[in-house]
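Here is the structure we will look at, set down as structure tokens.
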């Protein structure tokens with residue numbers, strides 16, 4: 001038997017890395033809850049039909065079949081695949097449970113998704129997303145488009161990671177502008193402008209001309225895409241391009257509200273960036289992409305937007321606005337750059353040393369007493385020499401070793417970082433609060 | 449478009465149920481960490497070959513294929529399937545990362561697993577498991593067999609669910625007993641005894657006779673299986689059956705330690721139950737099954753045991769002991785019996801009412817101030833009449849509504865359960881601590 005190899009595109013972390021990821025996820029989840037978002041979790045699979053309907057990603061879907069199929073009620077006969085995002089399952093969940101949900105629904109969802117695409121940096125076959133959406137029935141006030149980036153910024157700012165900047169644009173603004181220019185079909189223009197970062201302005205201009213735009217139209221489109229401001233001054237710069245259209249006015253108004261709300265509540269963390277296009281057709285208002293300072297090359301780590309129809313049954317539509325944080329993309333990048341550290345490899349705060357095997361039961365009682373007071377403790381695997389038991393703790397970063405003295409009392413506890421050893425009572429001793437849990441922090445030296 | 453239907457075997461919860469499940473999982477995880485177990489998470493997929501090697505479950509495996517395959521590096525060409533438990537991926541993970549792990553390794557893992565079997569009560573196609581294992585290199589002291597059930601009992605006792613009882617047996621005890629009876633191959637005997645609960649003693653006796661046991665042998669095997677004690681007195685009852693064998697002695701000694709340790713640290717929560725067989729061949733020492741009081745019919749909600757070879761490379765083996773809590777089985781049963789409640793449908797503690805739309809920004813500031821002090825808050829969706837905003841909070845179980853009075857100060861907060869309304873300062877007001885988070889509790893009336 002040979003050692004198994006890692007599978008490209010399916011990242012896995014060592015225990016101390018997973019402890020970091022868990023703290024990141026817990027911080028994000030608790031921030032979402034502070035903002036009143038309730039959790040849901042959906043099954044990993046959706047009917048293939050529902051997945052394929054979403055178009056763009058059909059060749060990336062993993063379908064399931066049973067190794068030995070044949071049962072009558074086999075669900076794979078209907079065709080099941082793994083979800084490739086959390087939006088498609090959420091839309092289905094809303095339709096399925098609409099009668100039991102309260103709208104506007106504020107929900108978050110932190111789960112894995114799967115895509116069969118070729119792995120590369122920042123692109124995985126299995127990855128974790130943290131989504132928030134607010135969804136209404138038939139209508140949804142547009143102040144939620146200003147609120148959502150504040151929630152995301154709040155969640156990510158609480159982490160020891162580089163600052164995030166949210167880049168916002170508005171589909172109505174762009175489409176109104178194109179219509180005002182006399183362009184009938186905005187979709188191919190949006191798709192071309194979306195390639196600006198990768199292909200550069202010359203190539204995009206060529207694409208726009210190929211679509212059939214005049215030189216003046218193409219120049220205006222590129223002029224629009226160059227506008228990026230931290231305040232509402234983008235509006236004047238758009239107007240200066242001399243295009244007018246009622247939809248453009250609506251878009252400018254909506255984006256102004258997003259920018260001004262962010263300036264008030266999270267100054268410097270959001271900008272209007274009129275080159276942000278987002279590939280997906282279903283966005284109808286604000287769209288967002290977000291970048292980690294110093295790690296822009298990995299791509300957007302939180303994207304989303306406003307959609308007028310997440311789902312529809314009969315005459316009822318479910319408009320919403322959502323953003324999705326790419327947890328795996330963030331962790332993969334920061335682990336790769338050695339940008340995050342944790343000061344222990346295990347959750348344990350105290351290793352209770354075992355003087356001799358018959359004393360294990362007394363050691364268990366000491367550990368149980370510490371745990372009752374919230375102090376993570378484990379008992380040493382074997383009654384080795386104390387030096388060996390200290391090295392056992394040291395290798396794992398466990399900060400304290402407890403030396404039981406038996407019935408007579410007189411236990412001592414050693415801080416193995418300083419070597420300081422003191423008498424300690426198992427019913428009252430506690431470490432300084434920062435030692436209770438492993439601490440995640442940004443590495444001092446990082447290789448970006 | 450019609451409303452989608454739920455998929456049999458793939459349970460999903462409403463948001464308030466998911467809040468309950470998340471609290472259950474968080475309590476289990478933090479108890480595991482208090483005991484010094486570090487988290488890992490493995491990818492959802494394993495090579496098909498590795499999954500099929502586990503025998504018994506081969507017809508239940510979901511294999512993956514891409515909707516449009518054909519890329520050169522397509523991992524599905526090697527054959528990938530969804531894991532059906534967390535043990536197979538953990539074994540692979542240990543082999544893959546052995547050089548970077550510290551042994552004995554204490555790890556926990558809380559994840560979904562998938563089986564394509566026919567759904568029935570307590571059996572799902574997608575389900576969540578919470579596993580703990582302690583794994584050593586080449587050797588592992590047997591005190592861990594006494595420790596693991598204490599960890600599980602500690603985790604589940606912290607929840608508002610019915611008490612758990614762990615039933616423990618020992619493979620060496622059973623195999624030594626069978627050998628002492630002159631039975632050469634214990635495996636088919638174990639498999640027959642494993643059916644005792646479902647088939648009853650008469651049917652099992654018949655199975656044992658069909659395997660080739662004499663009437664006296666079958667009677668002795670059934671006699672052994674009838675022994676169940678909360679203390680070490682099981683040993684005398686085994687000896688009274690008049691069988692002797694060195695392996696039997698070892699097994700009795702090991703199980704005695706498990707029972708006595710549990711009696712000291714968790715009295716009444718574990719019993720020696722010599723009918724527990726566990727189907728899987730790889731167990732070599734203690735085996736466990738566990739039942740929720742009043743819900744025994746759903747089957748074991750936490751099972752596991754000691755194995756001498758979790759994995760092997762060359763001459764190196766990785767012995768371990770593990771237990772796996774069936775989260776979905778517990779939740780499905782308790783939700784079905786209405787045995788758990790939560791006092792809110794959302795995490796929100798305070799709804800900030802909006803007197804008029806231009807005041808939203810001031811309302812946002814109030815909510816942000818509350819959140820900075822750990823109080824979950826959301827701002828009302830629209831500036832409706834206050835009665836309507838109170839009903840909005842009431843439908844969700846949000847306990848407090850905040851009424852801003854604008855620049856002049858004089859805000860008030862209303863406890864909508866009592867109707868009491870009082871002046872409140874957004875910089876200092878706090879609810880009583882139990883109102884900060886939604887509370888999960890056992891329902892007073894349950895239908896079991």
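Chains as they are written, first to last, in this note's numbering: chain A, 1 to 448; chain B, 449 to 896. Note that CB positions come from ideal geometry on N, CA and C, so glycine has one too.
Can you check DSSP and say which residues form a bridge with residue 11(A)? Answer is none; residue 11(A) lacks a bridge partner.
Grab me the residues of residue 175(A)'s own chain with a C-beta within less than 7 Å of its C-beta, minus the 5 sequence neighbours each way, in chain order. 186 and 247
Where the beta strand (DSSP E) containing residue 534(B) begins and where it ends: Looking at the DSSP string, residue 534(B) is not in any beta strand (DSSP E), and its letter there is neither H nor E.
Nearest to residue 882(B) by alpha carbon, out of 743(B), 862(B) and 847(B)? 847(B)
Below-9 Å beta-carbon distance, residue 386(A) vs any chain B residue: no
Output yes or no for whether 9 Å exceeds the beta carbon distance between residue 415(A) and residue 425(A). no
Reducing DSSP to helix, strand and coil, say where residue 239(A) ends up. helix
I want to verify the contact list: residues of chain A whose CB lies under 8 Å from the CB of residue 493(B), in sequence order. 7, 10 and 126
Tell me the DSSP bridge mates of residue 560(B)? 576(B)
If residue 510(B) sits next to residue 527(B), beta carbons under 8 Å apart, how far is it from one beta carbon to the other, in whole angstroms? Incorrect: roughly 12 Å between the Cβ atoms, too far for contact.
Alpha-carbon to alpha-carbon, residue 731(B) and residue 352(A): 29 Å
N-terminal and C-terminal residue of the alpha helix (DSSP H) that residue 169(A) is part of: From DSSP, residue 169(A) is part of no alpha helix (DSSP H) but of the beta strand (DSSP E) over 164-170.
Would you kindly work out how many angstroms separate the C-alpha atoms of residue 116(A) and residue 291(A), rounded to a whole number? 25 Å
Span separating the alpha-carbon of residue 367(A) from that of residue 382(A): 15 Å
Using a Cβ-Cβ cut-off of 9 Å, state whether residue 796(B) counts as contacting chain A. yes
From residue 610(B) to residue 599(B), what distance separates their C-alpha atoms? 17 Å
For residue 188(A), the nearest candidate out of 208(A), 358(A), 170(A) and 200(A) (CA to CA): 208(A)
Residues sharing a beta bridge with residue 736(B), DSSP: 616(B) and 752(B)
Given a cut-off of 9 Å on the beta-carbon distance, is the pair residue 620(B) and residue 702(B) in contact? yes
With a cut-off of 8 Å, do at least 3 Cβ pairs link the segment 574-594 of chain B to the segment 550-558 of chain B? yes
So what does DSSP say about residue 542(B), is it helix, strand or coil? helix
For a contact meaning CB atoms closer than 7 Å, what does residue 4(A) contact in chain B? 540, 543 and 544
Look at the Cβ atom of residue 224(A), then the Cβ atom of residue 177(A), and state whether they are nearer than 9 Å. yes
Which residues share a DSSP beta bridge with residue 772(B)? 579(B) and 751(B)
Straight-line gap, residue 521(B) to residue 508(B) (C-alpha atoms, nearest Å): Any answer about residue 521(B) is weak, because its pLDDT of 46 lies below 50 and its placement is not dependable; what the coordinates show is given next. Approximately 27 Å, taken between the alpha carbons.
Supposed close pair residue 123(A), residue 114(A) - CB separation, criterion 8 Å: That belief does not hold up - the Cβ atoms of residue 123(A) and residue 114(A) are roughly 12 Å apart, past 8 Å.
Whose C-beta lies closer than 6 Å to the C-beta of residue 277(A) among residues of the same chain, with five residues either side of it excluded? 190, 193 and 194
Boundaries (first-last residue) of the alpha helix (DSSP H) holding residue 834(B): 834-844
In whole angstroms, what is the alpha-carbon distance linking residue 806(B) and residue 139(A)? 19 Å
Residue-chain proximity (residue 604(B), chain A), Cβ-Cβ < 9 Å: no
Where do the ends of the alpha helix (DSSP H) carrying residue 245(A) lie? Element bounds for residue 245(A): n/a, residue is neither H nor E.
Going by the CB atoms, is the gap between residue 678(B) and residue 711(B) shorter than 9 Å? yes
Taking the alpha carbon of residue 491(B) as the reference point, which residue from 453(B), 843(B) and 533(B) has its own alpha carbon closest? 533(B)
Thinking C-alpha only, which one of 156(A), 293(A) and 226(A) is nearest residue 27(A)? 156(A)
Quick one: which chain B residues come within Cβ less than 8 Å of residue 42(A)? 460
Residue burial classification, residue 812(B) (beta-carbon count within 10 angstroms, cutoff 16): buried
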